[in-house]
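Residue numbers (our numbering): 272 to 696. Here's the structure, in structure tokens; my notes come after.
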């Protein structure tokens, strides 16, 4: 895998088109992964339309407009803004468009669950200035919101597409989070490419996990002494040349990488099934199932009806294991941690010494000194360390993160196994 060149970590790539286990749906995880591969194929087919939408987004921004991310779906401003491989010069939260050249890129909430706050925020931007582009489908707009007010839609799956349900939560293994994340980043990649074809390169966040990134990123911050300092980067570099990226190139590279990592995950069906069995056992016996993803989207992207009815407890994003696995977890509890940094072996051992069943992954690979343990499952999810995926020739930072997309597949594959083991349909 390109994400781990030079790290000495081996990975198994599985071509899902020729994987009879997936086609037959012999395990819940593989059935879910097969559905994910179908969604990747659908997004690839939709790429020309997404590219055209991105070009429409680019034009007013090239003319001086501001790119902003309305706070409609809770997770999207956090996922999109301040993200390694993403755009620096973006406004979010309280920003309101001031002209027709301003471009808002928003995600819709689950249309099955009315959300007064989200609808009020959407109405504010519908009534305001600016061009609005939607990560979603026009049929998922709230009642009374005119679809003609929006400049374009990326497409999406239905909110009820997926597998299993329980206690008012359906589907438990949902396709929509993956779909929104991937379509959102594919659109962003094609937007960046459209900028390059117009002779402009946007300013990209470099991951703080890379040496020198903090100083490099700070160089682009505009700060004065008339108020409290706050990051305010420009959308574009001045006088910076990169070759024009062709239509569909960035989307194709990103989808290829996501598909490849999903293939590696499919080769770990046994580990996914074992993790699901642990989770089901914890649910039966009244123990905790606790999950943390060291990213920007969870748990908000789940749009849980309530914390009480959702069968898995979610903690706040944390890269370090001590923060991701709270001290309240003990014998018989299950912890899932989708890590971001190198593995601290001593911290893993401390969790296992408490009797916690621990599922863990890191893009840096499994250290040789991390030995097998009956209560430990290592998942191999080899996205690029620092979480920046697509090369732009002549530029210092790659673009587009994959971690949230592939972590999502791994999480819901384990949830599918748990649901099947518990007899949930």
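Don't be surprised by glycine CBs; every beta carbon is placed ideally from N, CA and C. Remember, it's a predicted structure, so these values are computed and weren't measured experimentally.
Residue 405, DSSP secondary structure in three states: Reading the chain shown from its first residue, position 134 is the one you call residue 405. Here residue 405 sits in strand by DSSP.
Opening and closing residue of the beta strand (DSSP E) in which residue 562 lies: As a working note, residue 562 is residue 291 in the chain shown. Counting along the chain, the beta strand (DSSP E) containing residue 562 begins and ends at 560-564.
Identified DSSP bridge partners for residue 339: The sequence position of residue 339 within the chain shown is 68, counting from 1. For residue 339, which the question treats as bridged, DSSP gives the partners 362 and 375.
Residue 473, DSSP secondary structure in three states: Along the chain shown, one-based indexing puts residue 473 at 202. Residue 473 falls in the strand class under three-state DSSP.
Identity of the residue in 442, 525, 521 and 479 nearest residue 695 by Cα: For the purposes of this step, residue 695 is taken as the residue at position 424 of the chain shown. It is 442.
Nearest neighbour of residue 369, chosen from 322, 332 and 482 [CA to CA]: Taking the chain shown and counting its residues from 1, the one referred to as residue 369 is at position 98. Cα-wise, what sits closest to residue 369 is 332.
Exposed unless 16 or more other CB atoms sit within 10 angstroms - verdict on residue 395: As a position in the chain shown, residue 395 is number 124, starting the count at 1. With a 10 Å radius around the Cβ and a threshold of 16 neighbouring Cβ atoms, residue 395 comes out exposed.
Cβ contact check for the stretch 653-672 and the stretch 511-522: 3 or more pairs under 8 Å: Verdict: yes, contact present.
Whole-angstrom distance between residue 344 and residue 676, CA atom to CA atom: Start at 1 with the first residue of the chain shown, and residue 676 comes out as number 405. Start at 1 with the first residue of the chain shown, and residue 344 comes out as number 73. Rounded to whole angstroms, residue 676 and residue 344 show a C-alpha spacing of 17 Å.
Residue 688 - DSSP class collapsed to helix/strand/coil: Within the chain shown, numbered from 1, the residue matching residue 688 stands at position 417. Per DSSP, reduced to three states, the secondary structure at residue 688 is helical.
Cβ pair residue 542, residue 649 closer than 9 Å: Locating residue 542 in the chain shown gives position 271, counting from the first residue. Locating residue 649 in the chain shown gives position 378, counting from the first residue. Cβ atoms of residue 542 and residue 649: closer than 9 Å.
Terminal residues of the beta strand (DSSP E) in which residue 649 lies: Sequence index remark: in the chain shown, residue 649 carries index 378 (1-based). If you look at residue 649, you'll find it in the beta strand (DSSP E) that goes 647-649.
Status (buried if at least 16 other CB within 10 Å, exposed otherwise) for residue 351: Stepping through the chain shown from its first residue, residue 351 is reached at position 80. Using a 10 angstroms sphere on the CB of residue 351, the tally of other CB atoms reaches 16 or more, which defines it as buried.
Delimiting residues of the beta strand (DSSP E) encompassing residue 605: Counted from its first residue, the chain shown places residue 605 at position 334. Segment 605-609, the beta strand (DSSP E) holding residue 605.
8 Å contact criterion, which residue 608 and residue 596 should meet: CB distance rounded: Position 337 of the chain shown, counted from the start, is the residue given in the question as residue 608. Position 325 of the chain shown, counted from the start, is the residue given in the question as residue 596. About 6 Å separates the beta carbons of residue 608 and residue 596, which is inside the 8 Å limit, making them a contact pair.
Residue 643 versus 409, 631 and 491, residue with shortest Cα-Cα distance: Taking the chain shown and counting its residues from 1, one reaches residue 643 at position 372. For the set 409, 631 and 491, the Cα lying nearest the Cα of residue 643 is the one of 631.
Coarse secondary structure for residue 491, derived from DSSP in three states: Counted from its first residue, the chain shown places residue 491 at position 220. Residue 491 falls in the coil class under three-state DSSP.
Option in 305, 667, 427 and 559 with minimal Cα separation from residue 314: Numbered from 1 along the chain shown, position 43 holds the residue referred to as residue 314. Out of 305, 667, 427 and 559, 427 has the C-alpha closest to the C-alpha of residue 314.
Touch test, the stretch 565-573 against the stretch 582-591, Cβ-Cβ under 8 Å, three pairs minimum: In short, these stretches touch, since the Cβ pair count reaches three.
Residue 729 in three-state terms, based on DSSP: Look at the range of the chain in this structure, 272 to 696, and you will see that residue 729 is not part of it.
Residue 305, DSSP secondary structure in three states: As a working mapping, residue 305 is identified with position 34 in the chain shown. Residue 305: helix per DSSP, three-state reduction.
Cross-strand partners of residue 670 (DSSP beta bridge): To locate residue 670, count along the chain shown from 1; it is residue 399. Answer is 661, bridged to residue 670.
Residue 508 versus residue 492 - alpha carbon distance: One-based indexing of the chain shown puts residue 508 at position 237. One-based indexing of the chain shown puts residue 492 at position 221. One C-alpha to the other measures close to 12 Å.
DSSP beta-bridge partners of residue 584: The residue you call residue 584 lines up with position 313 of the chain shown. For residue 584, which the question treats as bridged, DSSP gives the partners 561.
Interface flag, residue 367 vs chain B, CB-CB below 9 Å: The structure shown has no chain B; it contains just one protein chain.
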